[in-house]
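Below: one structure, written as C-alpha cells.
Protein chains: 2
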Amino acid sequence: MINRNSPIPLYYQLIQEIKDKIESGVYEPGDTIPTEIELMEQFDVSRATVRQSILHLVNEGYLRRIKAKGTFVNTRPEKPKFIGTLKGFAQEMTQKGIAFSTKVLEKHIIPAPLKVSEKLNIATEDPVFHLHRLRFIHHEPVLIANSFIPEQLCRHIEDIDFEHNSLYDVLETNYRITLHHGRRDFEPAMPLSAEEVRLLGISSKTPILYVESLVYTQDNTPVEYVEIKMRGKFTVDLIQLF
Amino acid sequence: MINRNSPIPLYYQLIQEIKDKIESGVYEPGDTIPTEIELMEQFDVSRATVRQSILHLVNEGYLRRIKAKGTFVNTRPEKPKFIGTLKGFAQEMTQKGIAFSTKVLEKHIIPAPLKVSEKLNIATEDPVFHLHRLRFIHHEPVLIANSFIPEQLCRHIEDIDFEHNSLYDVLETNYRITLHHGRRDFEPAMPLSAEEVRLLGISSKTPILYVESLVYTQDNTPVEYVEIKMRGKFTVDLIQLF
DNA sequence: CAGTGGTCTAGACCACGCT
DNA sequence: GCGTGGTCTAGACCACTGA
Numbered sequence: 001m002i003n004r005n006s007p008i009p010l011y012y013q014l015i016q017e018i019k020d021k022i023e024s025g026v027y028e029p030g031d032t033i034p035t036e037i038e039l040m041e042q043f044d045v046s047r048a049t050v051r052q053s054i055l056h057l058v059n060e061g062y063l064r065r066i067k068a069k070g071t072f073v074n075t076r077p078e079k080p081k082f083i084g085t086l087k088g089f090a091q092e093m094t095q096k097g098i099a100f101s102t103k104v105l106e107k108h109i110i111p112a113p114l115k116v117s118e119k120l121n122i123a124t125e126d127p128v129f130h131l132h133r134l135r136f137i138h139h140e141p142v143l144i145a146n147s148f149i150p151e152q153l154c155r156h157i158e159d160i161d162f163e164h165n166s167l168y169d170v171l172e173t174n175y176r177i178t179l180h181h182g183r184r185d186f187e188p189a190m191p192l193s194a195e196e197v198r199l200l201g202i203s204s205k206t207p208i209l210y211v212e213s214l215v216y217t218q219d220n221t222p223v224e225y226v227e228i229k230m231r232g233k234f235t236v237d238l239i240q241l242f
Numbered sequence: 243m244i245n246r247n248s249p250i251p252l253y254y255q256l257i258q259e260i261k262d263k264i265e266s267g268v269y270e271p272g273d274t275i276p277t278e279i280e281l282m283e284q285f286d287v288s289r290a291t292v293r294q295s296i297l298h299l300v301n302e303g304y305l306r307r308i309k310a311k312g313t314f315v316n317t318r319p320e321k322p323k324f325i326g327t328l329k330g331f332a333q334e335m336t337q338k339g340i341a342f343s344t345k346v347l348e349k350h351i352i353p354a355p356l357k358v359s360e361k362l363n364i365a366t367e368d369p370v371f372h373l374h375r376l377r378f379i380h381h382e383p384v385l386i387a388n389s390f391i392p393e394q395l396c397r398h399i400e401d402i403d404f405e406h407n408s409l410y411d412v413l414e415t416n417y418r419i420t421l422h423h424g425r426r427d428f429e430p431a432m433p434l435s436a437e438e439v440r441l442l443g444i445s446s447k448t449p450i451l452y453v454e455s456l457v458y459t460q461d462n463t464p465v466e467y468v469e470i471k472m473r474g475k476f477t478v479d480l481i482q483l484f
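Just so you know, the protein sequences line up as chains A and B, in that order. Residue 135 in this note's numbering sits at position 135 of the first sequence; the count goes up by one each step and never skips. For any residue, its number in this note's numbering is found by taking its place in the second sequence, counting from 1, and adding 242.
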C-alpha cells in the first residue's frame with residue numbers, strides 16, 4: 001500500500017490511506033482507527049512518521065485523539081455554508097451576459113510587500129507580479145483589484161495585455177496553472193484613499209465591500225492573492241436576536 | 243530560560259519563549275527567527291522538540307517556513323472581525339435590564355452523542371450533562387438551548403436548580419471553571435421539529451436563527467457545547483455587488 | 001496490569017536556495 | 001558547497017485509562 005520508491009513522502013501517502021478509509025466508510029465516525037503501533041507495523045514505518053500523519057489529520061478535523069483511549073474518526077466536516085465558485089470576474093460577467101471592460105492601472109514585477117509575502121508563503125521581497133486593475137460594468141467603474149502572483153510561477157507575465165485577456169485564462173492557458181480551491185473574506189469598509197473614491201466615482205462616505213481572496217492549485221501552492229474594493233449595495237435578510 | 247524540572251513540556255515552554263519574542267517585538271514581522279540548529283543549542287533540546295514548537299506556531303499563523311530560506315515572523319493575525327463577549331443569556335439580559343425567565347425541559351447525565359463527543363473532544367458515550375432549556379423574555383418564549391458539558395468537569399451538577407441559577411454562574415462558583423474564550427457560528431434555518439414550533443409559538447414557516455457555540459477554559463479544554471434555536475428578526479445592511 | 005497517546009532524544013539523508 | 005527546512009528512523013520514559 002505504501003511505496004517507498006515514490007517521490008511522495010511516506011507520511012503523505014499514509015495520510016491519503018487513512019483519509020480514503022474514512023471517506024469510503026471503512027472507518028466510520030466514532031470508530032477508533034488502528035493504534036500508532038499497529039499502523040507502524042501495517043505500513044512498516046516509524047512511529048514518528050505515523051504520528052506526523054495522524055496529527056495532520058487531527059489538524060484538518062478528520063480525527064480527534066483522546067489520551068489512553070485512542071484516535072477517533074470525526075463526522076466529515078460539513079462543507080462551508082457558503083460555497084462560491086472559483087470564477088474570475090471576466091468569467092462571471094461573460095456567463096451572465098453582462099458587458100464589462102477593464103483598465104490596467106499598474107502591471108509590474110515588484111518585491112513582495114510583507115503582507116503579500118505572508119499570504120503567498122514566500123519571503124518578503126521575493127519578486128511578485130502585481131496587477132492593478134479597474135473594472136467597469138456598462139462603462140461604470142465598480143471594482144478595483146490588486147492581484148499578486150509569485151513571479152516564479154509566471155515568468156514574463158508582465159508582457160501580456162490584460163485589458164483584453166482575463167488573468168485566470170492566462171494562468172491556465174499560458175502557464176498551465178489550474179486553480180483548484182481558494183478562500184474569500186468579505187468585509188464592509190469605508191474607502192481608504194482619495195484615489196479609490198475618484199476611481200470608483202463615489203463619495204468618501206459611501207461604504208464599499210472589501211474582499212481578500214487567496215487561491216491555490218491542487219497541491220496547495222498559493223497562486224494569487226488579490227485585494228478587491230467594490231462599490232454597490234447588497235441586502236441580506238438575516239435572522240435576528242430580538 | 244527553559245526549566246527541565248517543570249511539569250510544563252519543553253516544547254510548550256519553547257512555544258511561549260518564541261511567542262513572547264514575537265509579541266514583544268524582539269522578532270519583528272518579516273524577520274527570520276533563529277534556525278532549528280541554533281534553537282537546539284540555545285535551549286539544549288533536540289531538533290524534534292524545536293520542530294514541534296515551530297510547527298505549532300506555524301499552524302497558529304505566527305510563523306511561516308520557506309524551505310532553504312528560513313522561518314519568518316508573520317504580522318500578528320488580526321482579531322476576528324466580529325468579537326462577541328463571552329456572556330451567557332442571563333448576564334446579557336440582566337445587564338440590559340430585561341425581564342427574563344427560564345424553564346428547564348430536560349436535565350440529565352447522558353452518554354455523549356457522536357456530534358457532542360466530537361465537539362467536546364471526548365469519547366462517544368462518555369457521560370455528559372445535558373441541559374435543555376426554554377427561555378422567555380417578557381413571558382414570550384424566544385430561545386431553546388441544548389447545552390452539553392463533560393460530566394467529569396462538573397460532578398452532580400444535575401442536582402442544581404437551573405430555573406433560578408445561570409449555568410455560567412454555577413460553573414464559575416461551584417466548579418471554579420472560568421470560561422476564557424469560545425466561538426459561535428450563526429446560521430439561518432427553518433424549524434426542524436414540531437416541538438420547536440410549539441415551544442417558540444411560531445409558524446413552521448418562520449425562519450429561525452440557529453447558533454452553535456463552543457466555549458473553552460484558558461487551557462483550551464472544551465467546557466460547554468450548546469445548540470441554540472431562536473426566533474426573531476434581524477436586519478443587517480451589507481454592501482452589495484451590483 | 002497492559003495498552004494508549006504525549007513527550008523527548010540522537011542520530012540520518014535529502015532537496016533546495018544561495019553565493 | 002554550505003546551510004536551510006523536509007523527511008525518516010529507532011529507540012526511550014511518562015501519565016492516564018480500563019480491565
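Built from N, CA and C at the ideal position, the CB exists for glycine as well.
Top-ranked residue by Cα proximity to residue i, from the options
i              : options                           : result
residue 263(B) : 286(B), 247(B), 290(B) and 299(B) : 299(B)
residue 122(A) : 131(A), 95(A) and 150(A)          : 150(A)
residue 251(B) : 281(B), 292(B) and 473(B)         : 292(B)
residue 30(A)  : 72(A), 128(A) and 38(A)           : 72(A)
residue 426(B) : 452(B), 473(B), 243(B) and 432(B) : 452(B)
residue 463(B) : 244(B), 341(B) and 394(B)         : 394(B)
residue 369(B) : 343(B), 397(B), 379(B) and 378(B) : 397(B)
residue 189(A) : 208(A), 135(A) and 59(A)          : 208(A)
residue 40(A)  : 19(A), 11(A), 68(A) and 65(A)     : 11(A)
residue 163(A) : 90(A), 125(A), 194(A) and 176(A)  : 90(A)
residue 216(A) : 119(A), 74(A), 66(A) and 114(A)   : 119(A)
residue 245(B) : 270(B), 471(B) and 284(B)         : 284(B)
residue 412(B) : 465(B), 295(B) and 257(B)         : 465(B)
residue 357(B) : 114(A), 92(A) and 74(A)           : 74(A)
residue 187(A) : 228(A), 52(A) and 55(A)           : 228(A)
residue 422(B) : 287(B), 328(B), 438(B) and 448(B) : 328(B)
residue 37(A)  : 54(A), 26(A) and 28(A)            : 54(A)
Pair within 8 Å by beta-carbon distance, residue i and residue j
i              : j              : result
residue 305(B) : residue 352(B) : no
residue 468(B) : residue 359(B) : no
residue 144(A) : residue 200(A) : yes
residue 348(B) : residue 381(B) : no
residue 88(A)  : residue 167(A) : yes
residue 182(A) : residue 213(A) : yes
residue 218(A) : residue 173(A) : no
residue 61(A)  : residue 35(A)  : no
residue 266(B) : residue 255(B) : no
residue 345(B) : residue 318(B) : no
residue 165(A) : residue 301(B) : no
residue 160(A) : residue 100(A) : no
residue 384(B) : residue 440(B) : no
residue 112(A) : residue 124(A) : yes
Bounding residues of the beta strand (DSSP E) (the contiguous stretch that carries residue i)
i              : result
residue 468(B) : 464 to 472
residue 348(B) : 342 to 353
residue 525(B) : The first residue shown for chain B is 243 and the last is 484, placing residue 525(B) beyond what the model contains.
residue 364(B) : Taken as a continuous stretch (DSSP letters only), residue 364(B) belongs to no beta strand (DSSP E), as it is neither H nor E.
residue 458(B) : 450 to 459
residue 314(B) : 312 to 315
Bounding residues of the alpha helix (DSSP H) (the contiguous stretch that carries residue i)
i              : result
residue 285(B) : 278 to 285
residue 62(A)  : Neither: residue 62(A) is in no alpha helix (DSSP H) and is coded neither H nor E.
residue 420(B) : No alpha helix (DSSP H) holds residue 420(B); DSSP gives it neither H nor E.
residue 442(B) : 436 to 442
residue 1(A)   : Premise fails: residue 1(A) is in no alpha helix (DSSP H) and is neither H nor E.
residue 253(B) : 252 to 265
residue 94(A)  : 89 to 96
Problem - Near-chain B residues of the stretch 102 to 115 of chain A - C-beta to any C-beta below 8 Å - result: Those would be 114 and 115, in chain order.
Handout entry: Near-chain A residues of the stretch 365 to 390 of chain B - C-beta to any C-beta below 8 Å
Key = Residues 365, 366, 379 and 384.
Handout entry: Near-chain B residues of the stretch 153 to 175 of chain A (beta-carbon distance less than 7 Å), N- to C-terminal order
Key = Contact residues of the stretch 153 to 175 of chain A toward chain B are absent (C-beta to C-beta distance below 7 Å).
Problem - Proximal residues, the stretch 254 to 282 of chain B versus chain A, C-beta separation under 7 Å - result: Answer set for the stretch 254 to 282 of chain B: 271 and 272.
Practice task
Could you run through the stretch 54 to 71 of chain A and flag, in chain order, every residue whose CB is less than 7 Å away from some CB of chain B?
Solution key: Within the stretch 54 to 71 of chain A, the qualifying residues are 59, 64, 66 and 69.
Handout entry: Within 8 Å of chain A by C-beta, residues of the stretch 432 to 456 of chain B in sequence order
Key = Residues of the stretch 432 to 456 of chain B whose Cβ lies closer than 8 Å to any Cβ of chain A, in chain order: 449, 450 and 451.
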